[in-house]
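J.: Here's a structure for you.
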Amino acid sequence: MVRRAVLVPVALVGALAVAPAAAQAQVDHPATRAAVARYVTVHGPGAAVYAGNSNSSWFVTAGYANPVTRTAIGRDGHIRAASQTKAFTAVTVLKLVQTGQVSLDTPIARYLPGVVTGNGYDENAITVRQLLRHQSGTGTTYVPNPAGAYTLAQLVRYGLDHTPPQFTPGTGYYYSNIGYNILGLLIEEVTGKPYRQAITEATIQPLGLTRTSFPAQGDATLPAPYVPGYLGYRFGPVYFFADTTSTPNPAIFATAGSLTTSLPDLATFQRALNSGQLLPPALLAEMRSTVPIQPAYGDFAYGLGLLRIPLSCGGVAWGHHGDANGHTSVTMVTDDGRFAAVMANSTLNQVTDPDRFTVLDTALCEA
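Using mature numbering (1 follows the signal peptide of the UniProt record, and there is no 0), the letters of the sequence shown correspond one by one to residues -25 to -1, 1 to 342.
Listed below in structure tokens is the structure:
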């Protein structure tokens, strides 16, 4: 997920009375349809699942993309990838490892001398692997103005200056946007290209992901068609939603979470990664070398830009999740070809049950 150290101003767009979208007329995949419908009743305004297996795919929605106009969520609507961006960034770094330009266990000082310093940080103690696996001890995003446009170097400097080391590198786990923005600087330094171009050439173009792109610097819009994002507030049984599609400027998350995408594109990316289209087996195995994350997440574990979760029907799934600008999502695949991409167009001011991982688990087990 993308952590934010900013407050979002609220402009209420009205209370929501949830009703199923027209797309819900289908009669297949009853467990997933029920899970999505229940998800919307506690989360709202809308949610969608794009799922399937090696033979077929299907799409389920509930609620609305827009609670005022009662527009349904479309399968190809643009959304914020948020922290699912991290998987694209990680694959790009691993491709540099594949070509011998980067080494996973080399200190970041070798590639970016003088960058990861100050406020207690030791550039010679933090490795590329630790940055990829959130074991570097670096902090989270901080910017003076959430609507502003910042370079990667500025984002990194603000973050390091604002948050001291969380622990000695390699001894803990702390989900760090700044760590992934440091990896963006690494990509730029090694390739000689802006991160938008380098990651696009390494991951987006080879897979023909036509709905996936990095926004231009300072561009807070989503291309049409898109699913608006909302910040939700609950007062008893009534929910209120503020449109936060463009607040804060998604560019402040950069290589940690600024991609624009769609559910089918996210599924295509994770399926390609899992099947070996993007990386050779040895490097995919490196990505799957995990450490436990916060105890609150149970048996969830994190590798090099990949999250691993256990499934209620047995086995595990691999992928990533994300939260930003009112979009919450997760995309996961299994080794036997099942996949599911889940999204809702709000982030609430309290924990909800079921959560997106419950919906994901249901879809993967039914796929």
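Think of the CB as a built atom: it goes at the ideal place given N, C-alpha and C, for glycine as much as any other residue.
Hey, would you say R313 sits closer than 8 Å to N28, going by beta carbons?
T.: yes
J.: Beta strand (DSSP E) containing L282: first to last residue?
T.: L282 to P285
J.: I want to know whether the region 97 to 114 touches the region 143 to 151 - three or more CB-CB distances under 8 Å.
T.: Enough Cβ pairs lie closer than 8 Å, so yes.
J.: Keeping to the same chain, check which residues put their C-beta closer than 7 Å to that of L335; ignore five residues upstream and five downstream.
T.: V305, M307, A315 and V317
J.: In terms of residues, what are the limits of the beta strand (DSSP E) holding Y155?
T.: No beta strand (DSSP E) holds Y155; the alpha helix (DSSP H) holding it covers N152 to T166.
J.: Only counting runs of 4 or more residues, tell me where the alpha helix (DSSP H) segments fall wholly within the region 55 to 100, in order along the chain.
T.: The qualifying runs are 60 to 73.
J.: In whole angstroms, what separates the C-alpha of Y201 from that of N224?
T.: 16 Å
J.: Is the region 78 to 98 touching the region 229 to 236 in the sense that three or more CB pairs, one from each, lie closer than 8 Å?
T.: no
J.: CB-CB under 7 Å to G278, same chain, minus the five flanking residues each way: which ones, in chain order?
T.: R108, M262, R263, S264 and T265
J.: Using only the alpha-carbon positions, how far apart do Y133 and N152 sit?
T.: 12 Å
J.: Rounding to the nearest angstrom, what Cα-Cα distance links F228 and T113 in this structure?
T.: Rounded to the nearest whole angstrom, the CA to CA distance from F228 to T113 is 15 Å.
J.: Just mark D3 as buried or exposed, buried being the case when its beta carbon has 16 or more other beta carbons within 10 Å.
T.: exposed
J.: Between the alpha carbons of T64 and F210, how many angstroms are there, rounded?
T.: 39 Å
J.: Please go through the region 286 to 320 and give each complete beta strand (DSSP E) segment of 3 or more residues, from N-terminal end onward.
T.: Runs found: 291 to 299, 302 to 308 and 314 to 319.
J.: Can you tell me the Cβ-Cβ gap for G38 and V15, rounded? I've got them flagged as a contact below 8 Å.
T.: The C-beta distance from G38 to V15 rounds to 4 Å, short enough to meet the 8 Å contact threshold.
J.: How many angstroms separate the CA atom of R269 from the CA atom of L282?
T.: Just to set this straight, residue 269 is Gln in the shown sequence, not Arg. If you take the alpha carbons of Q269 and L282, they lie about 12 Å apart.
J.: Taking D136 and G93 to be in contact with their CB atoms under 8 Å, please state how far apart those CB atoms are, rounded to whole angstroms.
T.: Contact flag correct, Cβ pair sits at about 7 Å.
J.: Kindly identify the DSSP beta-bridge partner or partners of L184.
T.: Beta-bridge pairing links L184 to no other residue.
J.: CB A226 to CB P190, shorter than 8 Å?
T.: yes
J.: What residue range does the beta strand (DSSP E) around Y214 cover?
T.: V213 to D218
J.: What is the DSSP secondary structure of D336, counted as helix, strand or coil?
T.: helix
J.: Leaving out five residues before and five after A338 in sequence, what residues of the same chain have Cβ atoms less than 6 Å from its Cβ?
T.: Hits under 6 Å: T7, V24, A26 and A315.
J.: Cβ of L258 within 8 Å of Cβ of E164?
T.: no
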